[in-house]
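Engineer:
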Amino acid sequence: MVYRAVEKRFEMGGDPAQCNMMRSIRNDFSGERPHSECFIRFTGGQGRYAVVVRNELSREKFLAFQTDGETWAEIDGYSRTMPMEEAIGRYMERHPSKDRK
Numbered sequence: 000m001v002y003r004a005v006e007k008r009f010e011m012g013g014d015p016a017q018c019n020m021m022r023s024i025r026n027d028f029s030g031e032r033p034h035s036e037c038f039i040r041f042t043g044g045q046g047r048y049a050v051v052v053r054n055e056l057s058r059e060k061f062l063a064f065q066t067d068g069e070t071w072a073e074i075d076g077y078s079r080t081m082p083m084e085e086a087i088g089r090y091m092e093r094h095p096s097k098d099r100k
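Those letters in the sequence shown? Residues 0 to 100, per numbering that gives the first Met the number 0, in order.
1) Given this structure, state the Cα-to-Cα distance separating N26 from P95, to the nearest angstrom.
2) Measuring straight from C-alpha to C-alpha, what distance separates T66 and A72?
3) Given R89, which residues of its chain have a CB within under 8 Å of its CB, disregarding the five upstream and five downstream residues?
4) What's the gap between the Cα of I74 and the Cα of D14?
5) What does the Cβ neighbour count give for I87, buried or exposed, with the cut at 16 atoms within 10 Å?
6) In angstroms, rounded to a whole number, what distance separates the CA positions of A49 and I24?
7) Whose C-beta lies closer than 8 Å to the C-beta of N19 among residues of the same chain, with five residues either side of it excluded?
8) Identify, in the order they occur along the chain, each residue of the same chain with its Cβ nearer than 8 Å to the Cβ of R22, setting aside the five sequence neighbours on each side.
9) Do R53 and E36 have their C-beta atoms within less than 8 Å of each other?
10) Is it buried or exposed for E6, if we count other Cβ within 10 angstroms and need 16 for buried?
Dropping the structure here:
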């Protein structure tokens, strides 16, 4: 399992709370509030500190960084004849979202 390799590499075996925190990460790009989560661990100084950060983006920003599949191909096609902001706007007009405006 990937988590075990990370735990071993970063010597996390002594802190089960941080291991559980890392394992709790979930990404959801198709829900009502699309988001990505990231585990960040700081070491040194007074000890070790860890957080899980959730990034929620507006639909426009999410599409600006989209690089996969049909969505990207369509936006890329529009961006060849117009600025990226307009290409994203055109994509959103043609594919209205039911859960987000």
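Glycine residues also receive a C-beta, built at the ideal position from the N, C-alpha and C atoms.
Structural biologist: The short version:
1) 22 Å
2) 8 Å
3) Y77, M81
4) 44 Å
5) buried
6) 13 Å
7) none
8) Y2
9) yes
10) buried
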